[in-house]
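To keep things clear, I will list the structure first and then write my remarks on it.
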Amino acid sequence: LQKVKCRTIIFHGDQDKAVYFDSSIKLSRLFKKQDKLIRLAKEGHNDFSKNKDYLHAIAKLLR
């Protein structure tokens, strides 16, 4: 992440069984100030396309 120049945003479901949420927490320790980890409550690995928090965050990022 140190070489990445653009903003990094990770969306992660807290019920993910493929990649545990703690992995993203550890990764977020390498974030720069503008980077962000967005926790999606009660979501798994790939099934959050209808999650209101996810959709709201995406809309906000695209403004």
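Under our numbering, the first residue of the sequence shown is numbered 12, with each subsequent residue one higher.
In this text, a Cβ means the ideal position worked out from N, Cα and C, and glycines have one as well.
Note: HIS23 is bridge-paired with ARG50 in the DSSP secondary-structure output. For GLY24, the closest C-alpha among the options ILE69, LEU48, LYS71 and LEU73 is that of LEU48. Assignment of SER60 by DSSP, reduced to helix, strand and coil, places it in the coil class.
Between the beta-carbon of ASP64 and that of LEU72 there is about 13 Å, and that puts the pair past the 8 Å contact cut. For the pair LYS53 and GLN26, the CB atoms are nearer than the 8 Å cut-off. The continuous alpha helix (DSSP H) containing LEU38 extends over residues 32-39.
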